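Numbering (the numbering used here), first residue to last: 24 to 162. Quick reminder that beta carbons are idealized off the backbone N, C-alpha and C, glycines included. From a predicted model like this one, the values you see are computed outputs, not experimental measurements. Below is one structure, written out as structure tokens, with a few remarks after it.
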Amino acid sequence: MTRIKYDASLMKLMTVFEQITGTKVKDCFVDENGVTMFIVAETQIGRAIGRKGSNVRMLEKALNRKIKIVEFNPRIGEFIKNLIYPIIAKDIQENGDQVTILGQDTASKGILIGRNGKNLKNLTGIAKRHFPIQKIEVR
């Protein structure tokens, strides 16, 4: 796990998120695709999203950017399932400090890996913030 540091702009995003949704943010960052991702505690995802996605729409309008809300899970396999949703993995296997995602088809594998491995690097970086892993691979 890496130590998480927030700058002033991320702190501001987290404050706005908490005011609009009424939920606590466990983690927040902007990924390489420019999407702001908020990770909320277990059981808080419904409240964070709001009825029919109202909080998501309000946040996107207030922040003027795309956002994604992900539910944290203390089991790494479940957490990764939450991160990659709506892509469905056939299986997620843990082996020491390595995690293997078995994709359903070549299209989903391609999306998980991304151009030049960008999505996979992003996913690995997020998981490393919360779990003691070294590598994620897609098969």
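**OP:** Under 8 Å by Cβ, that's how I've got Lys132 and Gly126 pegged, so tell me the actual separation to the nearest angstrom.
**Re:** Within the sequence shown, residue 132 is the residue found at index 109, counting from 1. Within the sequence shown, residue 126 is the residue found at index 103, counting from 1. Taking a contact as a CB-CB distance under 8 Å, the pair Lys132 and Gly126 counts as one, their CB atoms being some 4 Å apart.
Subject >> Reduced DSSP category for Ala112 - H, G, I as helix; E, B as strand; rest coil >> reply: As a position in the sequence shown, residue 112 is number 89, starting the count at 1. Note: Ala112 maps to strand in three-state DSSP.
Original post:
Under a three-way DSSP split, which group does Ile90 fall into?
Top reply: Walking along the sequence shown from the start, residue 90 turns up at place 67. Here Ile90 carries a strand assignment [DSSP, helix/strand/coil].
Original post:
Quick one: what's Met168 bridged to in DSSP?
Top reply: Residue 168 is absent from the model: the chain starts at 24 and stops at 162.
Subject >> Beta-carbon proximity of Ile156 to Val122, cut-off 8 Å >> reply: As a position in the sequence shown, residue 156 is number 133, starting the count at 1. As a position in the sequence shown, residue 122 is number 99, starting the count at 1. The Cβ atoms of Ile156 and Val122 sit closer than 8 Å to each other.
Subject >> 8 Å contact criterion, which Asn78 and Glu94 should meet: CB distance rounded >> reply: Your numbering for residue 78 matches position 55 in the sequence shown. Your numbering for residue 94 matches position 71 in the sequence shown. That belief does not hold up - the Cβ atoms of Asn78 and Glu94 are roughly 14 Å apart, past 8 Å.
Subject >> Candidates Ile149, Leu135, Gly119 and Asp120: closest to Pro109 by CA position >> reply: Here the question's residue 109 lines up with position 86 in the sequence shown. When only C-alpha atoms are compared, the closest one is Leu135.
Original post:
Grouping DSSP H, G and I as helix and E and B as strand, with all else coil, what is Gln121?
Top reply: Residue 121 sits at position 98 when you count from the first residue of the sequence shown. Strand, per DSSP.
Original post:
Going by beta carbon distance, what residues of the same chain come within less than 8 Å of Gly57, once the five residues before and after it are set aside?
Top reply: Position 34 of the sequence shown, counting from 1, holds the residue named residue 57. These residues qualify, in order along the chain: Arg88 and Lys89.
**OP:** Take the Cβ of Gln116 as the centre, count every other Cβ of all protein chains shown within 10 Å, and call the residue buried at 16 or more, exposed below.
**Re:** In the sequence shown, counting from the first residue as 1, residue 116 sits at position 93. Label assigned to Gln116: exposed.
**OP:** Go through its chain and collect everything with a Cβ distance to Thr103's Cβ below 6 Å, but skip five positions before and after it.
**Re:** On the sequence shown, position 80 is the one that residue 103 refers to. The question names Thr, but residue 103 in the sequence shown is Ile. The answer, listed in chain order, is Ile115.
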